[in-house]
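Before any comments, here is the structure.
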Amino acid sequence: MILYENPWLSLMESDGYVYSHETRCQGRIVAVLPYREAPGGREFLVRSEITPCWGAEPILSAVTGGYEGGEIADDAVRELEEETGYAVTRAELIALGESYASKSADTVYTLYAVDVTGRVPGEALGDGSPHESRATTRWLTAGELAQIRDPQVAVLYVRLLSKAEPA
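The sequence shown runs 5 to 171 under our numbering.
Here it is in structure tokens:
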């Protein structure tokens with residue numbers, strides 16, 4: 005049952021359990037972890053962006069974006085270019101499966117990584133929103149990545165590590 009709804013978010017109830025649904029993207033989001041091989045070891049690219057529900061200062065988080073219809077991988081390619089300036093193809097994406105954000109939301113994240121070693125990014129234009137227009141990106145080591153509070157970053161990293169293991 006829908007308790008509240010607007011174009012962005014719905015508050016749902018099922019058997020006494022209340023949770024949120026991201027109406028704006030049909031409950032689907034992409035998260036991408038770009039990485040590069042550097043002389044000191046692999047580095048990972050994350051966003052530094054004000055996320056109001058997490059505070060008034062910029063917070064490090066994954067490159068993310070909402071589903072806009074069609075193939076979800078196309079949304080990953082678009083978000084990566086919008087938020088980091090890196091242009092990649094769907095074929096270059098490394099599929100890392102899906103995850104949930106929390107037990108209080110039904111949002112499903114489709115996860116990808118992509119190797120951007122040796123590439124030079126274009127301009128990260130963002131989506132025109134005020135928070136995205138002031139956002140930046142940062143390269144981090146694996147140790148620094150582990151300190152980020154956005155849970156999708158940890159899931160992306162662990163899933164990427166599992167892809168490197170022999171079968």
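For each residue, glycine too, the CB sits at the ideal point set by N, CA and C.
Bear in mind that the values here come from a model prediction, so they are computed numbers and not experimental data.
When burial is assigned at 16 or more other CB atoms within 10 Å of the CB, is residue i buried or exposed?
| i | result |
| --- | --- |
| Q151 | exposed |
| T114 | buried |
| V50 | buried |
| A42 | exposed |
| Y8 | exposed |
| E17 | exposed |
| S106 | exposed |
| Y90 | buried |
| I6 | exposed |
| P56 | exposed |
| Y116 | buried |
Could you check which residue in the options has the C-alpha nearest to that of residue i?
| i | options | result |
| --- | --- | --- |
| I98 | L13, I6, E75, V36 | V36 |
| I54 | F48, I63, R46 | I63 |
| W12 | W58, A91, G70, E61 | G70 |
| W58 | R153, V162, R163, V157 | R153 |
| V162 | G73, F48, S14 | F48 |
| L15 | A139, S108, T88 | S108 |
| D78 | T88, E87, V92 | V92 |
| V120 | G20, T88, I6 | T88 |
| E86 | N10, G20, T140 | T140 |
| I76 | V112, Y104, S52 | V112 |
Measure the alpha-carbon distance for residue i versus residue j and round it to whole angstroms.
| i | j | result |
| --- | --- | --- |
| E102 | V159 | 9 angstroms |
| R46 | R40 | 6 angstroms |
| Y23 | D110 | 7 angstroms |
| A60 | A128 | 22 angstroms |
| R138 | E83 | 16 angstroms |
| V81 | G74 | 13 angstroms |
| Q156 | E72 | 20 angstroms |
| S65 | Y104 | 15 angstroms |
| R142 | D19 | 43 angstroms |
| R94 | G44 | 28 angstroms |
Taking 6 angstroms as the cut-off, is the beta-carbon of residue i closer than that to any non-hydrogen atom of the ligand ADP?
| i | result |
| --- | --- |
| L115 | This structure does not include the ligand ADP; it has no bound ligands of any sort. |
query = How about the region 20-33 and the region 118-126: do they share at least three Cβ pairs that are nearer than 8 angstroms?
reply = no
request  = Check whether the region 138-147 touches the region 16-27, taking contact to mean three or more Cβ pairs, one atom from each stretch, closer than 8 angstroms.
outcome  = no
query = Per the contact definition of three or more C-beta pairs closer than 8 angstroms, is the region 98-113 in contact with the region 160-168?
reply = yes
task = Report the residue ranges of all beta strand (DSSP E) runs contained in full by the region 105-154; include only those spanning at least 3 residues, in chain order.
result = 112-119, 140-144
request  = Ignoring anything shorter than 3 residues or poking outside the region 50-85, list the beta strand (DSSP E) runs there in chain order.
outcome  = 62-65, 67-70
Segments assigned beta strand (DSSP E), at least 3 residues, entirely inside the region 6-49 = 6-9, 14-18, 21-25, 32-42
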